[in-house]
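When you line the sequence shown up against the UniProt record's numbering, it's residues 1 to 267, in that order. For each residue, glycine too, the CB sits at the ideal point set by N, CA and C. Down below is the structure, laid out as structure tokens.
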Amino acid sequence: MSMNITLGREDIVRLAERVEGAQTRAYAIPKLTDEYPAMTIGDGYAVQSELRRRFIASGHRLVGWKAGLTSKAKMQQMGVNVPSIGFLTDRMARPENGAISTGDLVHPRVECEVAFVTKLALSGPGCTCEAVLAATDYVLPAVEIIDSRFAGFKFDLASVIADNGSSARFVGGGRARRPEELDLRTLGVVMERNGEIVGTGASAAVLGHPADAVAMLVNILAEIGETLPAGSFVMSGGITEAVAVKPGDSVVARFQELGSVSMRFVE
Ligand code: OOG
Ligand code: MG
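Written as structure tokens, this is what we have:
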């Protein structure tokens with residue numbers, strides 16, 4: 001992946017402000033490449049880093065990172081075939097079994113993901129699946145609520161990276177397990193919306209092994225000059241296609257060996 005930055009500082013700040021406005025006030029904007037067609041992946045990460053800097057400066061706390069577009073189902077659904085990463089803050093976390101409001105989201109969708117909590121710092125380049133497993137304290141099931149700020153949930157890689165990988169909310173839950181007690185490639189997952197099965201998959205859908213997705217994330221972090229500290233919460237990417245939700249919906253993600261994660265959506 002080339003992190004070639006072509007935009008000037010002024011454009012990066014301008015785009016970060018535009019994305020921040022759309023995220024915090026929940027409105028859709030045209031994808032950034034409509035105005036900046038030559039925007040690169042490196043430019044996308046430069047905007048994302050500026051967005052992260054702004055949130056942290058206003059008191060949000062960085063709690064971890066998420067890998068995105070790591071499964072075929074997700075790549076096909078979004079028409080993008082390169083994985084990406086985004087940051088997670090305390091303001092995005094929601095408790096298990098809670099009510100999640102949609103009034104402050106544009107067009108939310110849910111994804112089931114295997115999440116990792118680390119006990120050792122990780123850094124790239126050259127981070128491997130084995131290094132990730134050795135640094136993992138426990139894994140747990142999670143649901144990510146993504147919400148692209150781009151009209152029609154349509155984007156290209158540079159735009160979605162600038163929009164922090166569509167990150168909006170996340171819920172961890174179920175049963176935390178030590179990674180050595182499980183085969184992380186073969187965990188089945190079933191996603192239900194209002195009691196109906198809307199997605200099924202196995203954890204190997206995520207780059208062959210969810211820890212490989214985390215290694216990829218750590219290697220991208222190195223390219224943007226960051227490392228993953230111990231105690232990070234990391235989501236490895238949606239296993240199935242993302243499913244749209246609206247007020248009144250209840251969602252349960254059932255994971256083999258890891259229990260389930262539930263939530264409902266309100267106005
Ligand atoms: C980009 C975010 C993808 C995942 O788990 O694949 C993502 C999107 O699809 O809007 O979070
Ligand atoms: Mg996701």
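Determine, using beta carbons only, whether residue 318 and residue 265 come nearer to each other than 8 Å. Absent from the structure is residue 318, since the part of the chain shown begins at 1 and ends at 267.
Have a look at residue 134 and residue 125 and give me their C-alpha separation to the nearest angstrom. 17 Å
Apart from the five residues just before and just after residue 127, which ones in its own chain have a Cβ nearer than 7 Å to its Cβ? 215, 218, 219
DSSP on residue 212, reduced to helix/strand/coil? helix
Could you give the distance in angstroms between the alpha-carbon of residue 33 and the alpha-carbon of residue 23? 18 Å
When DSSP labels each residue in this structure, what does residue 109 get in the three-state scheme? strand
Could you check where the alpha helix (DSSP H) with residue 49 kicks off and where it finishes? 41-57
Option in 92, 45, 11, 35 with minimal Cα separation from residue 224: 45
Since residue 85 is in the beta strand (DSSP E), which residue starts that stretch and which ends it? 84-89
Below 7 Å CB to CB, which residues in the same chain sit around residue 253 once its five sequence neighbours on both sides are set aside? 112, 141, 143, 189, 191, 260, 261
With a threshold of 7 Å, establish whether the CB of residue 241 neighbours any heavy atom of ligand 1. no
Extent of the continuous alpha helix (DSSP H) run through residue 78: 72-78
I need the straight-line Cα distance from residue 97 to residue 5, nearest angstrom please. 42 Å
Cutoff 6 Å; reference residue 145; Cβ partners in own chain excluding five residues on either side: 108, 110, 168, 169
Taking the Cβ atom as the reference point for each residue, do residue 12 and residue 50 lie within a distance shorter than 8 Å? yes
Is the Cβ-Cβ distance between residue 70 and residue 206 less than 8 Å? yes
Just confirm the distance between the C-beta atoms of residue 29 and residue 150, as a whole number of angstroms; I'd bet it's less than 8 Å. 7 Å
Cβ neighbours of residue 121 in the same chain (closer than 8 Å, five flanking residues each side left out): 135, 227, 228, 229, 230
CB residue 233 to CB residue 172, shorter than 8 Å? yes
Hey, out of 62, 75, 137, whose CA is closest to residue 91's CA? 62
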